[in-house]
Each structure stands twice: as structure tokens, then as C-alpha cells.
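So in this note's numbering, spot 107 of the sequence shown is number 107, and the numbers just go up one at a time. Taking it in order: structure first as C-alpha cells, then the write-up.
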Amino acid sequence: MDTVREQVETLPNDFPYWEEVSENEDQTADVAFTLVEIQAKEQGEDIYLQLENTGDQELSYGDFFRIDYFSEHVWYTVYQPSAYPAVSNLLGIGQKYKVTYTVPPGLFHYSGSYRIYVENLGFCEIKISEG
């Protein structure tokens with residue numbers, strides 16, 4: 001069996017969660033996402049994003065997020081926190097805000113396309129390269 005096929009078959013077992021994404025979530029056109037960095041720590045990996053409201057209205061978003069991984073032409077959710085505070089954050093018109101999301105250590109162990117979904121705002125794609 002070739003290595004790529006073996007990898008695809010083991011993917012669901014190599015992530016803390018594995019569920020095909022329903023493509024019903026909308027991307028908010030008025031938000032610019034910038035991946036600042038991913039920083040490995042003992043307790044997990046911190047994802048630092050900058051959110052910028054490029055529209056003409058305040059935007060509200062929650063603390064819920066999830067991580068998706070692209071495999072075989074389909075997005076799969078591979079991590080989502082089991083608990084998160086029920087809060088509402090505001091992103092004012094023209095405002096830039098840095099946010100941090102923590103995921104389990106080693107979540108990005110496969111190279112490829114990941115994305116982080118931020119509740120009510122949309123997605124920021126994350127490319128992970130080998131090495």
C-alpha cells in the first residue's frame with residue numbers, strides 16, 4: 001500500500017475529532033483575517049490571528065472556534081473545544097483586533113490546508129508545510 005493512501009486511511013484516527021463540515025456557514029465579507037503566527041507551547045499550540053472589520057457596521061462574534069483540515073476534496077473538522085464561554089465580542093468599524101486560540105499540541109502534524117472558523121465571522125486558511 002502506498003504511503004499517501006495509508007496516510008488518508010489513518011487520518012480520522014490521528015485527530016481528536018473527525019467530522020465532515022457542513023458547507024452552510026457563510027464567510028463574512030467585511031472581515032479580513034491575517035494569520036500572525038502559530039506558536040508551539042507545552043500545553044498546546046497558540047494560533048494568533050488579526051481580525052479587521054473592513055465594513056461599515058460593528059460585527060459581533062463569539063469565542064467558539066474550530067479547526068478544519070482539507071482531505072480528498074472535503075473539509076473535515078478535526079478540533080473544536082468542548083467548552084467555551086458564551087460571550088459576545090464586538091469588532092468596531094475599521095477596528096483591528098488580535099485574538100489567540102489554543103489547540104492541542106501536535107494538531108498540525110500533517111502538512112496541508114487547515115482553516116480556523118471563528119463564530120459569526122468566517123474562516124482563515126492556514127497552510128502547513130513539511131519540515
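Glycine included, each C-beta is placed from N, C-alpha and C at the ideal position.
Same chain, Cβ closer than 7 Å to Y117, neighbours up to 5 away in sequence not counted | Once the five neighbours on either side are set aside, the close Cβ partners of Y117 are E25, F65, R66, D68, F123.
Under the rule that 16 or more other beta-carbon atoms within 10 Å means buried, what is Y101, buried or exposed?
-> Y101 should be labelled buried.
4-residue-minimum alpha helix (DSSP H) runs that sit fully inside the segment 41-107, ordered along the chain | Fully enclosed alpha helix (DSSP H) runs of 4 or longer: not present.
Straight-line gap, P105 to L121 (C-alpha atoms, nearest Å) | Going from the Cα of P105 to the Cα of L121 covers about 25 Å.
From D14 to D56, what does the alpha carbon distance come to, in whole angstroms?
-> Taking the CA atoms as reference points, D14 sits about 42 Å from D56.
Which one of Y79, S113, S111 has the shortest CA to CA distance from G44?
-> The shortest C-alpha separation from G44 is found at Y79.
Can you list, in chain order, the residues of its chain whose CB lies under 7 Å from that of Y114, leaving out five sequence neighbours each side?
-> For Y114, where only same-chain residues beyond five positions count, the Cβ hits under 7 Å are I67, D68, Y69, F108, I126, I128.
Between the Cα of G62 and those of G94, H73, P81, P85, spot the shortest distance and give me the residue it belongs to.
-> Closest by alpha carbon: P85.
Closest by CA to E23, which one among G112, L91, V99, Y76?
-> The shortest Cα separation from E23 among G112, L91, V99, Y76 belongs to Y76.
State buried or exposed for V87, treating a residue as buried only when at least 16 other CB atoms are found within 10 Å of its CB.
-> Exposed is the label assigned to V87, since fewer than 16 other Cβ atoms lie within 10 Å of its Cβ.
Taking Q50 and V31 to be in contact with their CB atoms under 8 Å, please state how far apart those CB atoms are, rounded to whole angstroms.
-> Your pair Q50 and V31 does not check out as a contact, with CB atoms roughly 10 Å apart and the cut at 8 Å.
To which residues of the same chain is Q95 closer than 8 Å at the C-beta, ignoring the five residues directly before and after it?
-> Sequence-distant partners of Q95 (beyond 5 residues in either direction) whose C-beta falls short of 8 Å from its own C-beta, in its chain, are E52, N53.
In angstroms, rounded to a whole number, what distance separates the CA positions of V74 and Q27?
-> Rounded to whole angstroms, the separation of the alpha carbons of Q27 and V74 is 17 Å.
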